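Going by the numbering used here, the sequence shown opens with residue 3, and the numbers climb by one from there. Please read the structure below before turning to the comments.
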Amino acid sequence: MCIQVFDYDTFSADDIMGEAEIDIQPMIASAMAFGDAGMFGDMQIGKWLKSHDNALLEDSTVNIVDGKVKQAVSLKLQNVESGEIYLELEWMPLEQ
């Protein structure tokens, strides 16, 4: 998944602040492997590891929290001098 971050200007065009790519495959694989997350207690079910090939600031874990599959992601923005973005992704099955 690719994300572009822009500033918000009232009187001029918005400027791009940076970009980030998120590998959602670890979350998809973990969620599919466990099926109905509501049947499990809070636990870690997957991990996306920081490496030179990604912009992670730290390892990102996939967890079951309150019956929902969630992943917290901390990334360094790319194509910009500096910047970081912190996101929480939540798996939502199509049946809901």
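By construction, the Cβ of each residue, glycine as well, lies at the ideal position given by its N, Cα and C atoms. The structure displayed is predicted, hence computed values, not measured ones.
Between the Cα of residue i and the Cα atoms of the options, which residue gives the shortest distance?
i             : options                       : result
asparagine 65 : Tyr10, Leu58, Ala74 and Ser84 : Ala74
threonine 63  : Met3, Ala33, Met41 and Ile5   : Ala33
If you draw a straight line from the alpha carbon of residue i to that of residue j, how long is it in whole angstroms?
i             : j             : result
glycine 43    : valine 71     : 11 Å
alanine 31    : tryptophan 50 : 11 Å
glutamine 27  : tyrosine 88   : 18 Å
glycine 69    : leucine 77    : 26 Å
leucine 59    : leucine 96    : 30 Å
tryptophan 93 : serine 53     : 24 Å
glycine 85    : methionine 19 : 8 Å
glycine 48    : valine 7      : 27 Å
valine 67     : aspartate 61  : 18 Å
Residue i by DSSP, collapsed to three states: which one?
i                : result
alanine 22       : strand
phenylalanine 36 : helix
alanine 74       : strand
methionine 29    : helix
methionine 155   : Limits of the chain in this structure are 3 at one end and 98 at the other, which puts residue 155 out of reach.
Could you tell me whether the Cβ atoms of residue i and residue j are closer together than 8 Å?
i            : j             : result
leucine 79   : glutamate 23  : no
aspartate 17 : asparagine 56 : no
leucine 91   : methionine 41 : no
Does any C-beta atom of chain C lie closer than 8 Å to the C-beta of residue i?
i           : result
tyrosine 10 : In the structure shown, chain C does not exist; there is a single protein chain.
Buried or exposed, going by whether 16 or more other CB atoms sit within 10 Å of the CB of residue i?
i          : result
serine 14  : exposed
alanine 39 : buried
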